[in-house]
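Working notes, structure below.
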Amino acid sequence: MTADSAIQAAYLIAAILFILGLKGLTSPRTAVRGNMMGAAGMLIAVLATLTDRQIVSFEMIVAGLAVGAVIGIIWAVRVQMTAMPQLVAAFNGFGGGASALVAAAAAFLPGTIEGVPPIQVDISVALSAFIGSATLSGSLVAWAKLQGILWWQPRGLALQLLSNASALTAVVLGVLYVLDPESMWLFAGLCGGAVLYGILLTVAVGGADMPVIIALLNSCSGLAAAATGFVLGNDVLIISGSLVGASGFILTQIMCKAMNRSLWDVLRGDLGEAAAARPQGDIYAGRVKSASPEEAALLFDVARVVTVVPGYGMAVAQAQHAVRDFAQLLEARGTEVRYAIHPVAGRMPGHMNVLLAEADVPYERLYDMDTINPMFTECDVAIVLGANDVVNPAARDEPGSPIYGMPILEVDKAQVVLVIKRSLSPGFAGIPNRLFVNDKTLMLFSDGKKAMQDLAREVRDL
Amino acid sequence: MESFLVSVTVFALAVFVGFEIITKIPSTLHTPLMSGSNAISGITVVGALVAAGATDSDVARLLGFGAVVLATVNVVGGFLITNRMLAMFRKKK
Chain C
1469 MTADSAIQAA
1479 YLIAAILFIL
1489 GLKGLTSPRT
1499 AVRGNMMGAA
1509 GMLIAVLATL
1519 TDRQIVSFEM
1529 IVAGLAVGAV
1539 IGIIWAVRVQ
1549 MTAMPQLVAA
1559 FNGFGGGASA
1569 LVAAAAAFLP
1579 GTIEGVPPIQ
1589 VDISVALSAF
1599 IGSATLSGSL
1609 VAWAKLQGIL
1619 WWQPRGLALQ
1629 LLSNASALTA
1639 VVLGVLYVLD
1649 PESMWLFAGL
1659 CGGAVLYGIL
1669 LTVAVGGADM
1679 PVIIALLNSC
1689 SGLAAAATGF
1699 VLGNDVLIIS
1709 GSLVGASGFI
1719 LTQIMCKAMN
1729 RSLWDVLRGD
1739 LGEAAAARPQ
1749 GDIYAGRVKS
1759 ASPEEAALLF
1769 DVARVVTVVP
1779 GYGMAVAQAQ
1789 HAVRDFAQLL
1799 EARGTEVRYA
1809 IHPVAGRMPG
1819 HMNVLLAEAD
1829 VPYERLYDMD
1839 TINPMFTECD
1849 VAIVLGANDV
1859 VNPAARDEPG
1869 SPIYGMPILE
1879 VDKAQVVLVI
1889 KRSLSPGFAG
1899 IPNRLFVNDK
1909 TLMLFSDGKK
1919 AMQDLAREVR
1929 DL
Chain X
867 MESFLVSVTV
877 FALAVFVGFE
887 IITKIPSTLH
897 TPLMSGSNAI
907 SGITVVGALV
917 AAGATDSDVA
927 RLLGFGAVVL
937 ATVNVVGGFL
947 ITNRMLAMFR
957 KKK
């Protein structure tokens, strides 16, 4: 066996470990092992690559690995769970950026790449540079928005035209580059156009649509790696990249379906014209029943089943530990506590699940939307904590509403709904929520964390 | 041309494998799935290593260096944070 085929064998083992690792993620019990298998596969692939006879100097490699590892370790160890969406967004960008840089290095290589037809190299370099650059810039915009640094959210026709124009420019320059691979100006222009496209594509996307865009960028970071695999004629890159591409694509679809909106609408930042035209009107006037923590606590005295519906507000208030404490108190009194998780609650797929897991809530208590909805009829109190649009009955009952058709958590089927919210301000969709004036609903105006602590204190005093 | 077709075949089959596995992953684990798969997409480090160590073109080596840094952050940070999250899911009383 030659050295080259030994490396290929190592890559095959790595690819198998990646697949088995992802398979491990199908259950929380096997997930940690699955992740370890993925990491082992990566280690094998890196070690095998270092024996490649093409590599003649190690200074850049050692320096790069050291710098990258230190940044990665510090970031991963210190980041707060509530900042997870930003981290995932940034890492997606790094993956895309790395692939674009490898493509650029291949473009600058004087010779040809062994065993890969030049035309395949040129086309894949252009593709990898395009996807990678757009993923990098798009992810950085998403990161800045999630971090709260970037508030600017332009929309409209001009933005779309600009965005289309930048994409078209990048594609034309890409085609020209394939025809004339010697021209580094064409390559630089291609990357510049793609960077601009990534920015313009994500800048219109607003808060609650973030789960879609993060999943999409996740998919793109994989596709960029796969394209780099075509540049180098390297199967392990192609396999891993397409696995990730498929994964991100499925998540994107799940998120879009959970909002009943097309990917196209999300990218345009478009929630239907109705949202802007609709008079905010005072549907709340005089009809909202607000309760103090003392009054609200009485609800839990006789409740047998309580369902918590968390939303982004829980993450903002960092209320997950307070929720857990309150739930344990109720459970000690014989009440069953369930958690209802809407697929797009929060800012990324699975956001609420991670926060509740951090607070030690057993994952068996978390129910997805389709499972919990029929169970609301047997629920005595539903606590809506920092969620708004995902429980808005307009999505079910008002055909004219901009969010009509979006699947919701049907909390209004519970006996009583306790909505914990700081004010009556509308959610991301900017539309009023009739749930707040439902006869069954009590509003507890407070910060999420404080409300849970107050409720716990009052229930203890019952 | 033949090697290109082989690569396309590998790509197509891997996409199908990905779809089959990932549709079975419960929504509870969607965030770890993203960070974990993101770490896997850091496999691009393999190409970055060759670029950073192989050529006599300084530009290509510098680009390779940048790629190694970004990809390593992705790989190391990605697997670590996924492990941190999954450990929270596992522990039970």
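Chains as they are written, first to last, in my numbering: chain C, 1469 to 1930; chain X, 867 to 959.
In this text, a Cβ means the ideal position worked out from N, Cα and C, and glycines have one as well.
query                                                                                                                                                                   : result
By Cβ distance, which residues of its chain are closer than 7 Å to Arg1864(C), with the 5 residues on each side in sequence left out?                                   : Ile1876
For Gly1916(C), which residues from the same chain have a beta carbon less than 7 Å from its beta carbon, with the 5 sequence-adjacent residues on both sides left out? : Gly1781, Met1782, Ala1785, Ala1787, Leu1853, Gly1854 and Ile1888
From Ala1574(C), Pro1553(C), Leu1577(C) and Lys1757(C), pick the residue whose C-alpha is nearest to that of Gly1814(C); which is it?                                   : Pro1553(C)
Within this structure, are the beta carbons of Ala937(X) and Gly1536(C) separated by less than 8 Å?                                                                     : yes
On the DSSP bridge assignment, give the partners of Leu1888(C) in chain order.                                                                                          : The amino acid occupying residue 1888(C) in the given sequence is Ile; Leu does not appear at that position. Ile1888(C) pairs with Leu1853(C) and Leu1912(C).
Using the Cα positions of Val1609(C) and Phe1559(C), report the straight-line distance between them to the nearest angstrom.                                            : 13 Å
Quick one: which unbroken alpha helix (DSSP H) runs of 4-plus residues sit fully inside the stretch 1702-1789 of chain C? Chain order, please.                          : 1703-1727, 1731-1736, 1742-1745, 1761-1767 and 1780-1785
In chain order, what residues of the stretch 934-950 of chain X put their CB closer than 9 Å to some CB of chain C?                                                     : Val934, Val935, Leu936, Ala937, Thr938, Val939, Asn940, Val941, Val942, Gly943, Gly944, Phe945, Leu946, Ile947, Thr948, Asn949 and Arg950
On the CB-based measure, 16 or more other CB atoms within 10 Å of its CB, does Ser1914(C) come out buried or exposed?                                                   : buried
Using the C-alpha atoms, what's the distance from Gln1548(C) back to Leu1903(C)?                                                                                        : 33 Å
Does the CB of Leu871(X) have a neighbour CB from chain C at under 8 Å?                                                                                                 : no
Over the uninterrupted beta strand (DSSP E) stretch that includes Glu868(X), give me the two end residues.                                                              : No beta strand (DSSP E) holds Glu868(X); the alpha helix (DSSP H) holding it covers Glu868 to Ile888.
If you draw a straight line from the C-alpha of Gln1883(C) to the C-alpha of Glu1846(C), how long is it?                                                                : 8 Å
Cys1724(C) and Ser1715(C) - do their beta-carbons sit closer together than 8 Å?                                                                                         : no
Mind listing which residues of the stretch 1586-1615 of chain C have their C-beta closer than 7 Å to chain X's C-betas, in chain order?                                 : Gln1588
Pick from Ile1751(C), Val1524(C), Ile1591(C) and Leu1735(C): whose alpha carbon is nearest that of Ile1682(C)?                                                          : Leu1735(C)
So with CB distances below 7 Å, who are the chain X contacts of Tyr1831(C)?                                                                                             : Thr894 and Phe955
Nearest to Val1770(C) by CA position, among Glu1762(C), Thr1803(C), Ser1758(C) and Val1776(C), is which residue?                                                        : Thr1803(C)
With H, G and I counted as helix, E and B as strand and the rest as coil, what does DSSP make of Asp1836(C)?                                                            : strand
Which class does Ile1682(C) belong to by DSSP, given the choice of helix, strand or coil?                                                                               : helix
Considering only their Cβ atoms, is the gap separating Ala1544(C) from Arg950(X) smaller than 8 Å?                                                                      : yes
Exposed or buried, which one is Arg1497(C) when buried takes at least 16 other CB atoms within 10 Å?                                                                    : exposed
Could you give the distance in angstroms between the alpha-carbon of Pro1900(C) and the alpha-carbon of Met1920(C)?                                                     : 24 Å
Roughly how many whole angstroms lie between the Cα atoms of His1810(C) and Val1530(C)?                                                                                 : 45 Å
Cutting at 7 Å between CB atoms, please list the residues of its own chain near Arg1833(C), excluding the five before and the five after it.                            : Val1805, Arg1806 and Tyr1807
Would you check if the distance between the CB atom of Met900(X) and the CB atom of Met1816(C) is smaller than 8 Å?                                                     : yes
Which residues does DSSP list as the beta-bridge partners of Tyr1807(C)?                                                                                                : Val1776(C) and Leu1834(C)
Can you tell me the Cα-Cα spacing of Asp1838(C) and Val1776(C), whole angstroms?                                                                                        : 15 Å
Helix, strand or coil: which one does DSSP assign to Tyr1645(C)?                                                                                                        : helix
Check for me: the alpha helix (DSSP H) holding Pro1861(C) runs from which residue to which?                                                                             : Where Pro1861(C) is concerned, there is no enclosing alpha helix (DSSP H), given that its DSSP letter is neither H nor E.
In its own chain, which residues sit with a C-beta less than 6 Å from the C-beta of Asn1841(C), not counting the 5 before and 5 after it?                               : Glu1878
Hey, out of Gln1621(C), Leu1886(C) and Met1727(C), whose CA is closest to Gly1873(C)'s CA?                                                                              : Met1727(C)
Tell me the rounded alpha-carbon separation between Gly943(X) and Val1699(C).                                                                                           : 26 Å
Can you check the stretch 1521-1594 of chain C for any alpha helix (DSSP H) of at least 4 residues that lies completely inside it and give the ranges in chain order?   : 1527-1546 and 1552-1576
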